[in-house]
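Since the structure comes first, as C-alpha cells, the remarks are kept for the end.
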Amino acid sequence: LSVPHMCSTVEHHCDHFCINTPGSYTCRCKQGYILNADQKTCSTQDLCSVEKHACQQICVNTPGSYVCQCYEGYELDANGKNCVVVDYCALDNQGCQHECVNTEDSYYCRCHPGFILNPDERTCRRPDYCALQDHGCEQKCVNTDDSYFCQCQEGFRLNPDKKTCKKVNFCALDRHDYDHECVNMEESFVCKCHPGYTQQRDGNTCRNKRVDHCAESDHGCEQLCLNTDTSYVCQCSEGFVINEDLKTCTRIDYCALSYHGCEHLCVNGDRSYTCQCFEGYRLRNDGKTCKRKDICKSVNHGCEHDCVNAGDSFVCKCQEGFLLREDGKTCKNKDLCKSVNHGCEHFCVNTGDSYICKCHNGFLLREDGKTCRNKDLCKSIDHGCEHVCIKNNNSYSCQCHKGFVLRQDGKTCRRCTEGPVDLVFVIDGSKSLGEDNFEIVKQFVSGILDTLEISPKAARVGLLQYSTEVRTEFTLRQFSSAKDMKKAVSQMKYMGRGSMTGLALKQMFERSFTETEGARPFSANVPRISIVFTDGRAQDEVSEWAARAKRNGIIIYAIGIGKAIEEELLEIASEPSYKHLFYAEDFTALEDISEELRAQICEALKESSHQKDPSSGRLHKTGPQPSGPESTTVAITDVIACPNLAIHHKYLFEDSHTHSARTTAKASKDKDQCKCENLVTFQNYATNEVRKLTQRYILSE
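Numbered per the UniProt record's numbering, the sequence shown spans residues 1 to 701.
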C-alpha cells in the first residue's frame with residue numbers, strides 16, 4: 001500500500017522542512033531555530049530573549065540553554081546571575097597595559113600621553129579607529145583619515161547594516177528545497193522549473209509524472225537523494241550545506257554565518273565555533289579577546305621610557321642621559337632643569353637633586369619662587385597710574401600732572417576745573433568803570449566760564465552786578481551749560497551808577513549761596529568761591545560782610561583795577577592775600593589776571609579735596625604767605641597825614657626773600673615831606689615802582 005506524500009501534494013508552507021506523517025505532515029526547523037506558534041515558520045532560538053534569564057549584565061546562549069556573564073571589571077556572583085565589582089588594580093594591575101585607575105565603584109585603564117585605549121579597554125596603541133571602538137565589522141575593518149568602514153572577504157558582500165557579510169551564492173548557502181533550478185537574485189533566490197514543467201504554488205516544486213529518479217539512476221548524491229516530479233535533488237544532513245556541484249556536502253561554516261566576535265581567529269566545530277589567538281597571544285576569560293604573552297606588552301608596566309622582559313616579570317630602563325628614580329618606573333634627567341617643567345621665568349639653576357629659580361640683574365624673585373619683577377615697582381607691575389607712578393620702597397603711589405588732581409580711585413586724573421564748585425561773580429557796574437571797560441569785564445567772565453565744566457554735578461555759576469543797587473543777573477541753579485551762561489553774560493546791561501560794594505557782598509553772602517538759589521548744602525563739601533571785581537573805592541562798608549562770608553567758608557578772590565583801594569581789596573580777599581588778591585593799573589592786564597586766577601582756583605579745588613572740615617563743611621585756611629619771588633601782591637597803605645590833603649604813601653615791597661618797608665623820601669631835619677615839590681617827587685617814584693612790580697610779579701605770570 002502506497003502512502004501519499006502529503007508534503008508533496010499539499011501546500012504545507014513549512015519554513016524549513018516538511019516531514020510526512022501517516023495521513024498528514026509536520027513542519028521542522030533547522031538546528032538553532034525553533035518553530036513559531038503558527039507551526040510553520042521558524043525563528044532563531046534565542047533563549048536569552050524568550051526566557052526570563054535574570055542575568056544582571058550579559059546573557060550568552062548555549063545549545064539548549066544559556067549562561068550569565070559579566071562585563072569587564074565584574075565577576076559572577078555565587079548565584080550565577082549577579083555581578084560584583086572586582087578590584088583589578090590590586091590584582092595584577094587588572095591587565096592594563098599602561099595604568100590602572102580605581103574609581104568609586106569600578107576601575108579604568110589609562111594610557112600614557114600619545115596613546116589611546118584599545119576596544120579591550122586594557123591595551124594601548126597609537127590612534128587606530130578600528131581598534132579605538134567596537135566597530136562591529138564581521139570580517140575586515142579598514143581605517144580612514146578620521147573614521148573607518150567595513151569590508152567583506154572575497155565571495156562575500158556587505159549586508160545593509162554595513163557591518164556583517166554574507167555569501168553571494170544564496171542557492172548554495174540556504175536550504176531552499178527547490179525542485180529544478182535555483183536562480184540567485186540580488187538579495188535572495190528563486191526556484192525555476194525545466195521546460196515542460198509548471199511551478200507549484202509553494203514556489204519550489206515543479207509538477208510532472210512521478211518517478212523514483214533516485215532509484216533509477218546513479219544520482220551521485222554524497223548524503224541524501226530527494227525525488228522530485230521529473231528528477232531528483234541532492235540534500236545534506238543537519239550541520240552540512242550543499243556545495244555548488246549540488247551533490248557533495250560541506251560542514252556549515254558557523255564562523256561565516258554569524259558575528260562570532262573573535263578578536264583573532266574563529267575555528268568551526270561540529271555544532272558551533274571557538275575563538276583562538278595568534279602565536280604569542282593567549283585567550284582571555286571572555287573566550288573572545290586575546291592578550292600578549294609578552295609581559296611588557298600584556299600588562300601596564302608603567303615604565304616611563306623602556307620596558308625589558310625578565311623571565312616572568314619585567315624591569316624598567318631609562319634612555320641615555322636619564323636616571324631611574326626610586327619608584328623603579330619613572331626617569332629623571334641628569335640635568336633636572338631640562339627634565340622638568342621648572343616654570344622659572346628667567347633661568348633655572350640645578351642644586352643637587354633639586355633646582356632654584358633666579359632672575360636677571362635689576363629684577364627680584366617674587367614670593368612664588370618662580371616669577372620675577374623689576375626692582376622699580378612702577379616698571380614691574382601694571383600700576384594703572386594715568387599720569388605718573390612714584391615708587392616708594394616696596395610700594396608706589398600715583399600722581400597727576402600740573403593742572404590735574406587725583407580721582408578717588410587713586411589712579412586716574414581729572415582737570416582740576418572738572419570738579420564740583422559753586423562760583424558767584426560779583427561784578428562792578430559803577431559809572432566810573434565805563435561801558436567799554438564793562439564789555440572787557442564781560443569777556444573776562446566768559447573766559448573763566450570756558451575753563452569750567454558747567455553742569456549740575458560739576459560747576460554751578462551765578463552772577464551779581466552792583467552799582468547803587470544790586471541786581472542778580474542769574475543764580476547758581478538758573479543755567480546748566482556754559483553756552484547759556486555766556487549768552488546771559490553777553491546780554492547783561494551796564495548799570496552805570498554808584499559803587500555799593502558792601503551791599504553786593506551782603507547779597508552774595510545772604511542769598512547767592514543759599515540752597516534756594518542753587519547752592520549745594522555744606523554737607524556736600526562743595527567749595528564755595530566768589531570773584532569780586534571793583535575799579536574804585538566803595539561808597540559803603542565792605543569789611544563786615546566780607547568777613548562774615550569768609551568765616552562761613554566762602555573763598556573770595558578780589559580783583560582791583562585802576563583806582564581800586566588796597567585796604568578794601570585786603571578786607572575783601574581771603575587769606576593769604578598773595579593767592580586771593582589781584583591788581584592791575586588798567587584793563588589791558590585782565591588777560592594775565594585771568595590766567596593767574598584760573599591757576600589759583602585750580603589749586604584751591606585741589607586743596608579742598610583733602611582740607612575739608614567734616615564737622616562744618618568749611619575749608620581750612622591755608623598756611624602763611626611765603627616771602628619768595630612767587631609773591632604777586634603789592635600791599636599799599638594810603639595814609640592821609642599831610643595837611644592840605646597832601647598824601648604820604650608807605651609801600652610794602654615784597655622782593656626776593658626780604659619783606660622790608662621803604663619810604664620814597666628820606667626823612668631829614670631840613671626837608672618837609674608835605675611840601676608840594678616833595679609830594680610830587682614821591683608820587684612819581686611810587687607810580688614807577690608800582691608799575692615795575694606789577695609787570696614783574698603779576699603780568700609775567
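Beta carbons are placed, not taken as given, at the ideal position from N, Cα and C, and that holds for glycine.
Measure the C-alpha to C-alpha separation of glutamine 507 and alanine 546 and round it to an integer number of angstroms. Straight-line Cα distance between these residues: approximately 11 Å.
Count the other CB atoms within 10 Å of the CB of glycine 560; is the residue buried (16 or more) or exposed (fewer)? buried
With distance defined between alpha-carbon atoms, name the residue in Val489, Thr103, Val405, Lys457 nearest to phenylalanine 438. Val489
Out of Cys290, Phe479, Leu590, which one is the CA nearest neighbour of isoleucine 448? Leu590
Considering just the uninterrupted stretch of the alpha helix (DSSP H) at lysine 442, what are its terminal residues? 435 to 450
Going by CA-CA distance only, name the one from Asp306, Asp286, Lys288, Asn285 that's closest to isoleucine 295. Asp306
What ranges does the beta strand (DSSP E) occupy inside the region 29 to 84, keeping only unbroken runs of at least 3 residues that lie completely in it? 33 to 35, 42 to 44, 58 to 62, 65 to 69, 74 to 76
Between the alpha carbons of glutamate 595 and arginine 407, how many angstroms are there, rounded? The alpha-carbon atoms of glutamate 595 and arginine 407 are separated by roughly 24 Å.
At which residues does the alpha helix (DSSP H) containing serine 8 begin and terminate? 6 to 9
When Tyr74, Gly302, Phe444, Asn227 are compared against serine 8, the one with the closest alpha-carbon: Asn227
Minimum C-alpha distance to valine 424 - residue among Leu452, Ser446, Ile390, Leu476: Leu476
In whole angstroms, give me the CA-to-CA distance for aspartate 253 and phenylalanine 170. 14 Å
Considering glutamate 181, what are the terminal residues of the alpha helix (DSSP H) in which it resides? Run containing glutamate 181: none in the alpha helix (DSSP H); it sits in the beta strand (DSSP E), 181 to 184.
Please report the straight-line C-alpha distance between glutamate 121 and valine 241, rounded to a whole angstrom. 39 Å
Less than 8 Å between the C-beta atoms of cysteine 193 and cysteine 206, yes or no? yes
Supposed close pair valine 426, phenylalanine 533 - CB separation, criterion 8 Å: 7 Å
Could you tell me the alpha carbon to alpha carbon distance between alanine 635 and leucine 605, rounded to whole angstroms? Bear in mind that a pLDDT of 31 at alanine 635, under 50, signals an unreliable position, so the number given afterwards is only what the model happens to contain. In a straight line, the C-alpha of alanine 635 is about 26 Å away from that of leucine 605.
Report the three-state DSSP secondary structure of glutamate 345 (helix, strand or coil). coil
Kindly indicate which three-state DSSP category serine 512 falls into: helix, strand or coil? helix
Should the region 538 to 557 be regarded as contacting the region 570 to 581, the criterion being three or more beta carbon pairs within less than 8 Å? yes
On the DSSP bridge list, what partners appear for glutamate 99? Arg110
Could you give the distance in angstroms between the alpha-carbon of serine 313 and the alpha-carbon of threonine 44? In a straight line, the C-alpha of serine 313 is about 47 Å away from that of threonine 44.
With a cut-off of 8 Å, do at least 3 Cβ pairs link the region 79 to 99 to the region 296 to 304? Cβ pair count under 8 Å is three or more, so yes.
Kindly list the residues whose CB is nearer than 6 Å to the CB of serine 467, restricted to its own chain and excluding five residues on each side of it in sequence; keep chain order. Gly429, Ser430, Met495, Arg497, Gly498
Where does leucine 423 sit, in a helix, a strand or coil, going by DSSP? strand
Where lysine 486 falls: helix, strand or coil (DSSP): Helix at lysine 486.
Taking the Cβ atom as the reference point for each residue, do leucine 464 and threonine 451 lie within a distance shorter than 8 Å? Going by C-beta atoms, leucine 464 is not nearer than 8 Å to threonine 451.
When we look at the beta-carbon of leucine 433 and count the other beta-carbons within 10 Å, is it buried (16 or more) or exposed? buried
Only counting the same chain, and skipping five residues up and downstream in sequence, which positions put a Cβ closer than 6 Å to that of glutamate 99? Arg110, Asn300
Please name the residue in Phe149, His180, His360, Asp179 whose C-alpha comes closest to that of cysteine 165. Phe149
Cα separation between aspartate 245 and arginine 201? 27 Å
Taking C-alpha atoms, which residue in His383, His401, Cys18 lies nearest to residue 708? Nothing can be reported for residue 708, as the shown portion of the chain is limited to 1 through 701.
DSSP beta-bridge partners for arginine 207? Thr198
What do you reckon, are the CB atoms on lysine 358 and phenylalanine 347 nearer than 8 Å? yes
Please classify isoleucine 565: does DSSP put it in a helix, a strand, or coil? coil
Cβ neighbours of aspartate 586 in the same chain (closer than 8 Å, five flanking residues each side left out): Ile561, Gly562.
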